[in-house]
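Visitor:
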Amino acid sequence: MTAPYTWTPLIAGHALAAVAAVVLGAVILVRRKGTISHRASGWVWVTLMGTVAISSFWIFQQHYSWIHGLSVFTLVMLVLGVYRARTHRVQAHRFTMLGLFCGALLIAGLFTLAPNRLLGKALHGALPLT
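In structure tokens:
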């Protein structure tokens with residue numbers, strides 16, 4: 002029997018920022034676009050996503066994985082998405098941000114929760130399933 006995983010402040014902050022980005026991102030997707038509140042909440046979302054991506058570089062087992070490559074891609078696409086909004090390329094901005102929400106946050110997030118991944122071990126160790 003292995004000891005339960007202990008959440009570090011780094012992993013807890015990373016997970017909290019990711020969950021907040023999922024919730025806020027969903028709210029942004031269903032609300033009216035182009036308003037001051039959309040822009041303000043968008044900046045908060047970009048900050049949360051940047052926090053998730055940057056903090057991932059300090060979360061690894063023996064080596065970096067493909068998810069860390071996705072973190073680099075996410076940071077580049079966040080800059081590109083903001084640039085597209087600031088230059089009024091609305092369709093391109095929408096495509097970039099929706100792609101980040103679905104790909105970098107939802108799909109990659111599900112992969113990080115697999116039982117053989119660090120966050121998956123942390124979550125499964127915290128649940129009284131065994």
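Under this note's numbering, the residue at position 105 of the sequence shown is numbered 106, and the numbers go up by one with no gaps.
Ideal Cβ placement from N, Cα and C applies to all residues, glycine included.
These figures come from a predicted structure and were not determined experimentally.
Span of the alpha helix (DSSP H) holding W67?
Guide: W67 to R87
Visitor: Whole angstroms is fine: what's the gap from Q63's alpha carbon to R118's?
Guide: 11 Å
Visitor: Quick one, are the C-beta atoms of T97 and L107 less than 9 Å apart?
Guide: The Cβ-Cβ distance between T97 and L107 does not fall below 9 Å.
Visitor: At the level of alpha carbons, what is the spacing between I68 and M50?
Guide: I68 and M50 have their C-alpha atoms some 14 Å from each other.
Visitor: For W46, which residues in the same chain have their Cβ closer than 7 Å to its Cβ, ignoring the five residues on either side in sequence?
Guide: A22, L25, G26 and I29
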